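Structure first, then comments.
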Ligand code: CP
Ligand code: NVA
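In this note's numbering, the protein residues as written are 538 to 842.
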């Protein structure tokens, strides 16, 4: 049995196979009944549109059944211990998707779970988003990502961590620009550096958005204030001044560069309407691709494929 808590849980060749399977699932024909008679539980401590919808729809398309438990219901670690919730859920469901405040919660849950656990977002990583991100980049820039230049502008957060590991495993080049003090955590930088040595990827982290975007094939941003950081909103708005993805910054990238954002967007903060709704935006392809990549993930974890 395998869990999917981080992109680090996938070998480089497994990631490649998952992305190829995602492409086949997206192209059709209908995916069959790989999850017939199987139930996947979604236990979420935070709100969600894409993650909940893509898993619910994807599980139905694979012939399975989905049970969603909202932040108000379970009380992970408050109403009941994380270990007891994991033990009980494992007795009834065939897999669990967890969206948690603290990454340690999902690690603890996985230790006690008898069924595969999928990270549907934690404070440290968002690997399901990473799969859709790298899949979208392949769709637009071709399957060989060696030399494809990705720029990520903004917060060195959960989304940035997973993107870093995806780039490192696929041989892409990733330049991250964050304000001082908002860089990705050393542990993810080290993981990415190790992977990059075997894939040939180049991962650079600095603090100048203009330099990061110069000549890029892909320009990516995420919110400055993530879920759970609302009390830091004003401080972050000031710190991220100059990191907005607007038309002037995008003009520094290649003319055929695509724009990505995991959504939800805080329009007018990290990205302007003009850019997210503009001709270079692949943001809604990226959102749709959550469905295809998560179906591939479920087939791999539960269907033995
Ligand atoms: N990108 C993403 O995970 O969206 P949700 O928070 O709406 O699930
Ligand atoms: N960084 C964002 C991603 C939302 C999908 C957050 O954690 O809120």
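Heads up, the beta-carbon is just placed ideally off N, CA and C, and yes, glycines get one too.
All of these numbers come straight from a predicted model, not from anything done at the bench.
Cβ of residue 673 versus every heavy atom of the ligand CP: is any distance shorter than 6 Å? no
Boundaries of the beta strand (DSSP E) in which residue 710 is found, first to last residue: 710–714
Using a Cβ-Cβ cutoff of less than 6 Å, which residues in the same chain neighbour residue 650 once the five nearest sequence positions on both sides are dropped? 623, 627
In whole angstroms, what is the alpha-carbon distance linking residue 836 and residue 599? One C-alpha to the other measures close to 8 Å.
Is residue 688 helix, strand or coil by DSSP? strand
Do residue 631 and residue 652 have their C-beta atoms within less than 7 Å of each other? yes
Is the beta carbon of residue 820 less than 7 Å from the beta carbon of residue 790? no
Classification of residue 565 by the beta-carbon crowding that lies within 10 angstroms, buried from 16 upward: exposed
If we count the other Cβ atoms within 10 Å of its Cβ and call it buried at 16 or more, is residue 778 buried or exposed? exposed
Kindly indicate the opening and closing residues of the beta strand (DSSP E) around residue 636. 632–636
I'd like to know whether the C-beta atoms of residue 707 and residue 682 end up nearer to each other than 7 Å. yes
Limits of the alpha helix (DSSP H) - the one that residue 758 falls within: No alpha helix (DSSP H) holds residue 758; the beta strand (DSSP E) holding it covers 755–758.
Alpha-carbon to alpha-carbon, residue 648 and residue 788: 47 Å
Measure the C-alpha to C-alpha separation of residue 575 and residue 676 and round it to an integer number of angstroms. 31 Å
Examine the ligand NVA and report whether any of its heavy atoms sits within less than 6 Å of the Cβ of residue 685. no
Comparing the CB of residue 764 with every heavy atom of the ligand NVA, is any distance shorter than 6 Å? yes
Could you tell me whether the Cβ atoms of residue 858 and residue 691 are closer together than 7 Å? Nothing can be reported for residue 858: it is not among the residues displayed for the chain, which extend from 538 to 842.
Using three-state DSSP, classify residue 541 as helix, strand or coil. strand
Helix, strand or coil at residue 773 according to DSSP, with G and I counted as helix: helix
Is the closest heavy atom of the ligand CP to the C-beta of residue 700 under 6 Å? Outside the cutoff, so no.
Can you tell me which of 636, 756, 619 puts its alpha carbon nearest to the alpha carbon of residue 589? 636
Rounded separation between residue 722 and residue 711 - CA only: 16 Å
Within the chosen definition, does the region 538–546 reach the region 590–610 through at least 3 CB pairs nearer than 8 Å? No, the region 538–546 is not in contact with the region 590–610.
Could you tell me which residues DSSP puts in a beta bridge with residue 656? 635
Is the CB-CB distance between residue 654 and residue 633 below 7 Å? yes
Between residue 733 and residue 742, which are expected to be in contact by the criterion C-beta below 8 Å, what is the C-beta distance as a whole number of angstroms? About 12 Å separates the beta carbons of residue 733 and residue 742, which is beyond the 8 Å limit, so they are not a contact pair.
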